[in-house]
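Input: a single structure, listed below in structure tokens.
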Amino acid sequence: MSHVVAPPSSVLLLVGREDFTVPSTFAGGTCAATHDCLVVGVRTAADGPTEVSLSPAPGSAALGELGSFALESEGLLSLRDVWGREYDAIGAGPGTVTVTVWANDPPGARPAAPAGRPVRLRAPQESKPSPARSRAFSHRFRRPPRWSARPSDHRVSCTPV
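Numbering (UniProt numbering), first residue to last: 1 to 161.
The structure is reproduced here in structure tokens:
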């Protein structure tokens, strides 16, 4: 099942554990991963919504592969924004799971991610944290590219295989 999301920042996370390690940078790409967290650069809410789905197979032949990553899982992969809001989840066996990221914006069509203002990952909380507290949970990313596709055309699909 796919969901249309407009995350508060241009980053979505796919995590396999509750206690996960976020990549320190996108390294010029659209996706990056550690052993238990995958980050994907998407459009900002101001640029329009993004359609996302977690499925055992790619949702459409029109999607191009952005990369495959190995993630440690405790039995569930969770798709979240940087504030910890969960958009979707899919069952996966405990242990190492290979996840393939698909998008309708092929890798060659995007410029490398420019170094821009950092996107901060914040700990999930009921209310917005105070500035002193949020610094303790911030991680820095390079800003992913901005895409010019129409909102209805932008899809990201993460597929455990």
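Even glycine gets a Cβ: it sits at the ideal position worked out from N, Cα and C.
- Your pair Ser2 and Ser53 checks out as a contact, with CB atoms roughly 4 Å apart and the cut at 8 Å.
- In the three-state DSSP reduction, Ala46 falls in the helix class (H, G or I).
- When C-alpha distances from His35 are compared across Pro23, Gly93 and Val42, the shortest belongs to Pro23.
- For Asp19, no beta strand (DSSP E) encloses it, and the DSSP letter there is neither H nor E.
- By the CB criterion at 8 Å, Asp81 and Pro7 fall inside the cutoff.
- Non-local beta-carbon contacts of Leu66 in its own chain, meaning distances under 7 Å to residues more than five positions away in sequence, involve Thr30, Cys31, Val101, Trp102, Ala103 and Pro107 in chain order.
- Between the C-alpha atoms of Ser55 and Gly64 there is a straight-line separation of about 15 Å.
- Using a Cβ distance threshold of 8 Å, Val15 and Thr50 do not count as a contacting pair.
- Minimum Cα-Cα distance from Thr98 among the listed residues Ala46, Asp19, Thr25 and Ala33 corresponds to Ala33.
- With fewer than 16 neighbouring CB atoms inside 10 Å of its own CB, Gly75 falls in the exposed class.
- The beta carbon of Ser78 lies closer than 6 Å to those of Val15, Glu86 and Ala89 in the same chain, with the five residues before and after it left out.
- Contact annotation: Thr96 and Glu72 have beta-carbon atoms nearer than 8 Å.
- Residue state for His35 is assigned as coil, using DSSP reduced to three classes.
- By the Cβ neighbour-count rule, Ala92 is buried, with 16 or more other Cβ atoms within 10 Å of its own.
- The bridge partners DSSP lists for Ser68 are Thr100.
- The DSSP-derived three-state label of Glu86 is strand.
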